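Protein chains: 2
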Amino acid sequence: MKQAKVRLYVEQGLGEGQTIPLTKEQAHYLFGVMRMAVGDPVLVFNGRDGEWRCAVTVANKRNGELVCEAQTKPLQMPPDLWLCFAPIKKARTDFIVEKAAEMGAARIVPVSTDFTNSERIRQDRLQAHAVEAAEQCGGTYVPEVSDLVKLDRLLAEWPEGRQLMFCDEAEVGSAKRLAASTGGPWAILIGPEGGFSDAERARLKALPFAHVVSLGPRILRADTAAVAAMTLWQQSLGDWQ
Amino acid sequence: MKQAKVRLYVEQGLGEGQTIPLTKEQAHYLFGVMRMAVGDPVLVFNGRDGEWRCAVTVANKRNGELVCEAQTKPLQMPPDLWLCFAPIKKARTDFIVEKAAEMGAARIVPVSTDFTNSERIRQDRLQAHAVEAAEQCGGTYVPEVSDLVKLDRLLAEWPEGRQLMFCDEAEVGSAKRLAASTGGPWAILIGPEGGFSDAERARLKALPFAHVVSLGPRILRADTAAVAAMTLWQQSLGDWQ
């Protein structure tokens with residue numbers, strides 16, 4: 299059987315014999331860029347019904363259609379981990395969203411803090427990055443990117459029972475490790491360049507559900523810290539176990 | 299005492315009372331970009347003598363001078379860890395070098411493999427990225443970026459006693475964890491997009507010093523994989539312990 303060269307996220311429901319109309323952009327990508335033709339296989343997922351092997355049944359420049367043949371993977375939900383981060387420069391914010399999807403965050407939450415430089419994000423663009431990362435990494439789930447929320451409000455509305463792993467620049471070189479005892483829902487919080495303000499730090503440390511964790515003896519950039527923190531969490535409590 | 303706003307890597311030896319002539323680029327950065335003046339403090343390191351607090355003694359547009367006042371950190375060598383990786387697209391290669399320096403690699407080795415796209419690297423540019431990352435992350439050591447080497451040759455000349463952590467896309471979803479028993483010199487090897495060839499994989503797996511490690515159930519991009527693998531290693535065997 300021919301190997302699928304493309305993995306595509308779609309909105310529609312997936313099931314045996316189901317037809318999937320393609321958008322103009324999808325048709326352009328499959329038939330214009332990737333030069334695919336009728337009969338070629340495509341892997342498709344929608345974040346709900348697992349991954350399906352489909353075949354191209356209509357291949358035009360501006361539209362097209364796939365038909366679902368067989369499920370190739372069941373839906374695999376990531377663990378209930380949020381990645382909360384303070385947006386930084388555009389390219390690095392894009393990277394953090396991409397990395398969060400690859401590393402298996404269930405939700406991505408941009409947070410505005412006292413030292414956050416950017417006061418706006420383009421939620422739709424960041425969501426598109428998360429989709430692309432899910433297509434690339436073989437996951438069957440796409441994390442939702444939230445709208446920018448102020449740290450105060452995020453903490454005021456914090457869901458009961460969710461633990462918080464708080465990676466603080468001020469802990470550089472300390473030996474604070476993630477204690478691997480508490481399962482259930484979690485969030486990781488990564489600060490902006492320049493770290494958290496003293497007031498924020500005091501508030502965060504006083505939270506009963508907060509766990510302060512050190513990321514080694516060097517100061518990591520926010521995108522590096524996000525991957526490192528998710529690695530520690532996934533290995534201790536998540537789906538790398 | 300005024301807080302130093304700049305952390306600078308220099309080539310010269312550092313010691314109490316030592317004067318440090320600045321290059322044209324350094325003078326431009328300190329006095330043109332950062333608007334510093336005579337008397338202002340600068341943190342300086344050279345990879346050998348730790349970190350020193352210096353004061354500006356000459357501040358011109360095209361040249362300048364610092365004087366070392368006091369040591370602020372001793373030299374802290376990273377663990378003896380090499381990060382070996384197959385260069386990918388330019389921006390991501392730059393990121394891998396930056397991340398390797400932040401995460402505390404002692405040496406960075408670009409490796410050409412069967413599926414490597416780029417056959418050339420700019421060693422001087424990558425080395426400059428490593429210097430910048432060291433300035434930023436507060437380390438007192440700058441990892442050396444080697445010239446591009448073919449995987450065959452790297453393995454043929456492999457130093458006795460150095461262990462190899464081999465992160466293979468084919469192990470996605472397996473439960474192979476880093477066994478935290480073997481200290482001493484190590485290297486991490488990250489493959490290119492598309493992974494290793496069958497021949498390379500067979501050769502790597504047969505090496506007595508190779509340890510195959512899984513990085514979770516999703517396929518990670520090379521730059522994500524580099525940070526994740528270094529996190530696992532630093533936490534188990536390195537200076538995050």
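These protein sequence lines map, in sequence, to chains A and B. Everything in the first sequence is counted per my numbering, starting at 299 for the first residue and increasing by one. Everything in the second sequence is counted per my numbering, starting at 299 for the first residue and increasing by one. From the three backbone atoms N, C-alpha and C, an ideal C-beta is built for every residue, glycine too. Please read all numbers here as calculations on a predicted model, not as lab measurements.
Note to self: What residue range does the beta strand (DSSP E) around A:Q461 cover?
What the structure shows: Per DSSP, the unbroken beta strand (DSSP E) holding A:Q461 starts and ends at 461-465.
Checklist line | Listed by chain order, chain B residues near A:Q533 by CB distance under 7 Å | finding: Neighbours of A:Q533 on chain B, chain order: L530.
Margin query: Under DSSP, the beta strand (DSSP E) around A:F343 begins and ends at which residues?
Written below: Counted as a single uninterrupted DSSP element, the beta strand (DSSP E) harbouring A:F343 occupies residues 339-343.
Check: In this structure, what does DSSP give as the bridge partners for A:I318?
Finding: Looking at the DSSP assignment, A:I318 forms a beta bridge with A:L364.
Checklist line | Interface partners of A:M401 on chain B, CB under 9 Å | finding: Neighbours of A:M401 on chain B, chain order: G514, R516, L518, T522, A526.
Checklist line | Counted within 10 angstroms of its Cβ, other Cβ atoms place A:E458 as buried (16 or more) or exposed | finding: Around the Cβ of A:E458, a 10 Å sphere holds fewer than 16 other Cβ atoms; the residue is exposed.
Check: Under 8 Å, do B:W380 and B:A485 count as touching if we go by C-beta distance?
Finding: Cβ atoms of B:W380 and B:A485: closer than 8 Å.
Notebook entry, point to check: Hey, out of A:V440, A:A384, A:F329, whose CA is closest to A:M375's CA?
Noted result: Measuring from the Cα of A:M375, the nearest candidate turns out to be A:V440.
Check: Does B:K300 have its Cβ less than 8 Å from a Cβ in chain A?
Finding: It does not; no Cβ of chain A falls within 8 Å.
Check: So, are the CB atoms of B:G362 and B:L312 less than 8 Å apart?
Finding: Pairing B:G362 with B:L312 gives a Cβ-Cβ distance that is not under 8 Å.
Notebook entry, point to check: When the cut-off is 8 Å and only beta carbons count, does A:K397 lie next to chain B?
Noted result: Closer than 8 Å to some Cβ of chain B, the Cβ of A:K397 qualifies, so yes.
Next item on the list: Confirm, please, whether the CB-CB distance from A:V511 to A:R460 is below 8 Å.
Entry: No, Cβ-Cβ distance for A:R460 and A:V511 is not below 8 Å.
Item checked: Chain-order list of residues whose beta-carbon lies under 6 Å from that of A:T508 (same chain, five-residue window excluded) -> The residue asked about is misnamed: residue 508 of chain A is Ala in this sequence, not Thr. Excluding its 5 nearest sequence neighbours in each direction, A:A508 has C-beta neighbours in its own chain below 6 Å: L462, F464, L502, listed in chain order.
Notebook entry, point to check: Taking just the CA atoms, how far does A:T411 sit from A:L452?
Noted result: Looking at the two C-alpha atoms, the distance is approximately 11 Å.
Next item on the list: Can you tell me which of the three DSSP states B:L306 falls into?
Entry: When secondary structure is reduced to three states using DSSP, B:L306 falls in the strand class.
Check: Nearest-angstrom Cα distance between A:Q310 and A:K322?
Finding: Cα to Cα, A:Q310 sits roughly 15 Å from A:K322.
Item checked: B:V429: first and last residue of the uninterrupted alpha helix (DSSP H) it sits in -> In the DSSP assignment, B:V429 falls within the alpha helix (DSSP H) that extends over 421-435.
Check: Could you give the residue range of the beta strand (DSSP E) that holds B:R351?
Finding: From DSSP, the beta strand (DSSP E) with B:R351 extends over 349-357.
Next item on the list: Within 10 angstroms of the Cβ of B:L505, are there 16 or more other Cβ atoms? Answer buried if so, exposed if not.
Entry: Under this definition B:L505 is an exposed residue.
Notebook entry, point to check: Listed in chain order, which residues of the segment 481-501 of chain A have Cβ atoms closer than 8 Å to some Cβ of chain B?
Noted result: Residues of the segment 481-501 of chain A whose Cβ lies closer than 8 Å to any Cβ of chain B: none.
Next item on the list: Could you round the C-beta distance between A:L446 and A:R418 to whole angstroms and report it? I think they count as a contact, below 8 Å.
Entry: Contact holds; Cβ gap of about 7 Å.
Notebook entry, point to check: For B:P408, which beta-bridge partners are listed by DSSP?
Noted result: In DSSP, B:P408 forms a bridge with B:F383.
Notebook entry, point to check: According to DSSP, is A:A477 helix, strand or coil?
Noted result: It is coil, neither helix nor strand.
Note to self: Please report whether the beta-carbon of A:W538 lies at a distance below 8 Å from any beta-carbon of chain B.
What the structure shows: True, the Cβ-Cβ gap to chain B drops below 8 Å.
Next item on the list: Quick one: list the residues of chain B neighbouring A:G437, beta-carbon separation under 7 Å, in chain order.
Entry: The answer, in chain order, is R516.
Check: Which class does B:W484 belong to by DSSP, given the choice of helix, strand or coil?
Finding: Reduced to three states, the DSSP call for B:W484 is strand.
Item checked: Cβ-based burial, B:N358 [other Cβ within 10 Å; buried from 16] -> With fewer than 16 other Cβ atoms within 10 Å, it is exposed.
Check: Got a sec? Which residues, its chain only, sit under 8 Å from B:F413 by beta carbon, not counting five neighbours each side?
Finding: Result list for B:F413: A384, G489, P490, E491, G492, G493, F494, S495, in chain order.
Item checked: Three-state secondary structure assigned by DSSP to A:T522 -> Three-state DSSP puts A:T522 in a helix.
Next item on the list: Please go through the same chain and pick out, in chain order, the residues whose beta-carbon is closer than 6 Å to the beta-carbon of A:E433, but skip the five residues on each side of it.
Entry: Within the same chain, A:E433 has close Cβ partners R305, Y307.
Next item on the list: Helix, strand or coil for A:Q369, going by three-state DSSP, please let me know.
Entry: Strand.
Margin query: Please report the distance separating the alpha-carbon of A:D521 from that of B:R390.
Written below: If you take the alpha carbons of A:D521 and B:R390, they lie about 13 Å apart.
Notebook entry, point to check: Start and end of the alpha helix (DSSP H) containing A:V511?
Noted result: Unbroken run through A:V511 is the beta strand (DSSP E), 508-511; no alpha helix (DSSP H).
Next item on the list: Apply the 10 Å Cβ neighbour rule to A:M332 and answer buried if 16 or more other Cβ atoms are within range, or exposed otherwise.
Entry: Under this definition A:M332 is an exposed residue.
Notebook entry, point to check: Beta carbon of A:V356, beta carbon of A:I318: below 8 Å?
Noted result: At a Cβ-Cβ threshold of 8 Å, A:V356 and A:I318 do not count as neighbours.
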